[in-house]
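Everything on this sheet refers to the single structure shown next.
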Amino acid sequence: MTTDFPVLIEEYDSSWPARFAEIAGRAQAALGDIVLRVEHIGSTAVPGLAAKPIIDLDVVLKSAADLPTAIERLAVLGYVHEGDLGITGREAFRCPRGESQHHLYVLAEGAAELQRHLTFRDRLRANPLTRDQYARLKQLSAAGVRERREYTESKSAFVRELLAIGHDSFAAAGPWKSTQPEAARFWFQQVDAPWWIAGGWALDLFVGHQTRTHGDLDIGILRRDAVGILSNLPSWEFFEAKNGELLRLLPGTLPRPEVNSLWGRPIGSELWVTELLLDEADGDKWLFRREPRISRPISTITRRDPRGIPYLTPEIQLLYKARASRPRDFGDFKVVLPLLDTGARLWLQRSLMDFVSTL
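Per the numbering used here, the sequence shown starts with residue 7, numbered consecutively.
Here it is in structure tokens:
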């Protein structure tokens, strides 16, 4: 199996299953009674998924002890054994000369790598939105690499995290990429629903200059708009953040009611880029998540800086920070509170009294 070649991604070809069946049939006939079945794996096994036009197949043996026999019988067909190529339990074979390129692997029933292949394939088959998200990643990756190794590495985070769905959650931890508010305007340029810069950056946009460092970029949206907004970011992945853990949010699904934060990053990146904060609404009214009796018309919860970037009004942002005890939150109050006009100050005072009365 070569390591250097131009990575060419093609639209799904309905002839791929037939090509798999032809290759699998020859291998199964040659291996005889030591083989249980042959599985079509990889991207060409997922209907509708753009892929490299290379068939991947797993030959499943009854027992790992049958591997030497499998090597001998496949050699008759022209297959060359290449060892496990660093993946224990999965034996790779170079396809015979003159045949269309394909990847044949031999594994024993119960092998961990076999289960990984099947789980990844089946989860892509089961969710068209996730399939399309993966296709977009593949196309973006293929456009920027020249070697198969680079292409494979660019997809590793997506593969790893999709395999973890329903099994393991991730610790809610960094690293984070420090990002300026201007980036959000580019990301959300096709979004019609309300959105705004939140957190410390929102207060700095109100003040008119940066008052402290910011490790991330918080963006506020209404919970009810989450599916539509995320559909405008097909090359991103988002995770529900709750109780110190992250769980992938599948495209097209609303966050769970108890989840108020989504961590996001471009697919394939190891760096988190933004945190989406989910606010509640009732009709045209914004509701304070921690005390729904506190509300305002949605049209009044944001302001814009001179560049047109929307940000959460400072009195609402300070209300969210009121229960925090971090030094930076006290610092934000000290800087921003004297700059509030009378109306904003009175609204914050009344809201704090209503909020404290519920604690």
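We treat Cβ as the ideally placed atom computed from N, Cα and C, and that holds for glycine.
Check for me: the alpha helix (DSSP H) holding residue i runs from which residue to which?
| i | result |
| --- | --- |
| Gly31 | Trp22 to Leu37 |
| Leu211 | Gly205 to Val213 |
| Gly337 | Pro333 to Val342 |
Under the rule that 16 or more other beta-carbon atoms within 10 Å means buried, what is residue i, buried or exposed?
| i | result |
| --- | --- |
| Phe99 | buried |
| Gly226 | buried |
| Gly206 | buried |
| Arg332 | exposed |
| Val362 | exposed |
| His215 | exposed |
| Phe336 | exposed |
| Asp338 | buried |
| Lys327 | buried |
| Ala132 | exposed |
| Thr8 | For Thr8, the pLDDT reaches just 43, beneath the cut-off of 50, and the residue's location in the model is therefore unreliable, leaving the point undetermined. |
| Ser162 | exposed |
| Lys69 | Correcting the residue identity first, residue 69 is Ser in this sequence and not Lys. By the neighbour-count rule (16 or more Cβ atoms within 10 Å), Ser69 is not buried but exposed. |
| Leu345 | exposed |
| Lys340 | exposed |
| Pro53 | exposed |
| Asp285 | buried |
| Thr219 | exposed |
| Asp347 | exposed |
| Glu246 | buried |
| Ala208 | buried |
| Pro316 | buried |
How would you write the range of the beta strand (DSSP E) that residue i sits in, first residue to last?
| i | result |
| --- | --- |
| Lys291 | Lys291 to Leu293 |
| Gly234 | Careful: Gly234 lies outside any beta strand (DSSP E), inside the alpha helix (DSSP H) at Ala232 to Ser237. |
| Pro272 | Ser267 to Pro272 |
| Phe194 | Premise fails: Phe194 is in no beta strand (DSSP E) and is neither H nor E. |
| Glu246 | Trp242 to Lys248 |
Where DSSP assigns a beta bridge to residue i, which residues make up the other side?
| i | result |
| --- | --- |
| Val86 | Arg100 |
| Thr308 | Leu318 |
| Pro111 | For the record, residue 111 in the displayed sequence is Tyr; it is not Pro. DSSP lists Asp64 and Ala98 as partners of Tyr111. |
| Ser301 | Leu293 |
| Phe126 | DSSP lists no partner for Phe126. |
| Ala287 | Trp292 |
| His46 | Leu63 |
Between residue i and residue j, is the Cβ-Cβ spacing less than 8 angstroms?
| i | j | result |
| --- | --- | --- |
| Val44 | Leu63 | yes |
| Trp42 | Glu119 | The sequence shown places Leu at residue 42, rather than the Trp named in the question. Against a cut-off of 8 angstroms, the Cβ pair of Glu119 and Leu42 comes out as no contact. |
| Tyr140 | Leu55 | yes |
| Pro261 | Leu252 | no |
| Arg1 | Ile47 | Residue numbering for the chain in the displayed model covers 7 to 365; residue 1 lies beyond these limits and cannot be assessed. |
| Phe244 | Leu211 | no |
| Ala24 | Arg79 | no |
| Lys248 | Val265 | yes |
| Ile273 | Ser241 | yes |
| Asn238 | Val197 | yes |
| Ile203 | Leu318 | yes |
| Leu135 | Pro298 | no |
| Trp193 | Gly221 | no |
| Ile15 | Ala148 | yes |
With 8 angstroms as the threshold, decide whether the Cβ of residue i is near any Cβ in chain B.
| i | result |
| --- | --- |
| Gly205 | Of the protein chains in this structure there is only one, and it is not chain B. |
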